[in-house]
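Read through the structure below, which is laid out as structure tokens, and then see the notes.
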Amino acid sequence: MKSKKTIAVLMVFSMVSAMMLAVFGCSDPVGRGSGGGISYTGTYAGVGEEDSGLGAWEFTIDAKGNLTGWFQVLTSRQSNCTGTIKSDGSFTASGKTALTQRPFTVDGTIAQDKKVNGTMQVSGLNTVSFSGSKK
């Protein structure tokens, strides 16, 4: 009788362990486990489209999928932003311009080859494109 209880306890423990592995093993905010082992952590940089008012930009993505960086918007001063990246490489961020404190949003994607493409929209102004790559 005691061995049946032991076997039952071991089976329950095994099933709980398998479920935990499935739940925690499949969640990956930075994209290390999906898409062929792609990791988006690192520093990326580039420029805005010509004559758009968007200059250079740079951001870093940490191991938790947090994005921190800056964009030059209508001036050479850096306008800071923060955001997140999803496991498919798409990211969003927001901040305020250094010159006028207008809010801005950033949306983009990092491709498997580490190329970055996205758009920025400053409140009340046109949406402009930017591109770059991993440093």
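Numbered according to mature numbering (1 follows the signal peptide of the UniProt record, and there is no 0), the sequence shown spans residues -21 to -1, 1 to 114.
Just so it is clear, CB atoms sit at the ideal spot from N, CA and C, and this is done for glycine as well.
Everything numeric in this text was worked out from a predicted model, so none of it was measured.
Legend entry - Which of helix, strand or coil DSSP assigns to residue 93: coil
Legend entry - Top-ranked residue by Cα proximity to residue 83, from 99, 19, 44: 99
Legend entry - Segments of 3+ residues assigned as beta strand (DSSP E) that fall wholly inside the stretch 5 to 84: 21 to 27, 33 to 40, 45 to 52, 57 to 64, 69 to 75
Inset, instruction - Take residue 51 and list the residues in its own chain whose beta-carbon comes closer than 6 Å to its own, dropping the five residues that flank it on each side. - result: 34, 35
Inset, instruction - For residue 73, I'd like the list of residues in its chain whose CB is within less than 8 Å of its CB, leaving aside the five on either flank, ordered along the chain. - result: 60, 61, 62, 82, 83, 84, 85
Inset, instruction - List the endpoints of the continuous beta strand (DSSP E) containing residue 113. - result: 106 to 113
Inset, instruction - Kindly give me the distance between the Cβ atoms of residue 37 and residue 54, rounded to whole angstroms, as I take these residues to be in contact under 8 Å. - result: The pair is not a contact, with the Cβ atoms about 16 Å apart (cut-off 8 Å).
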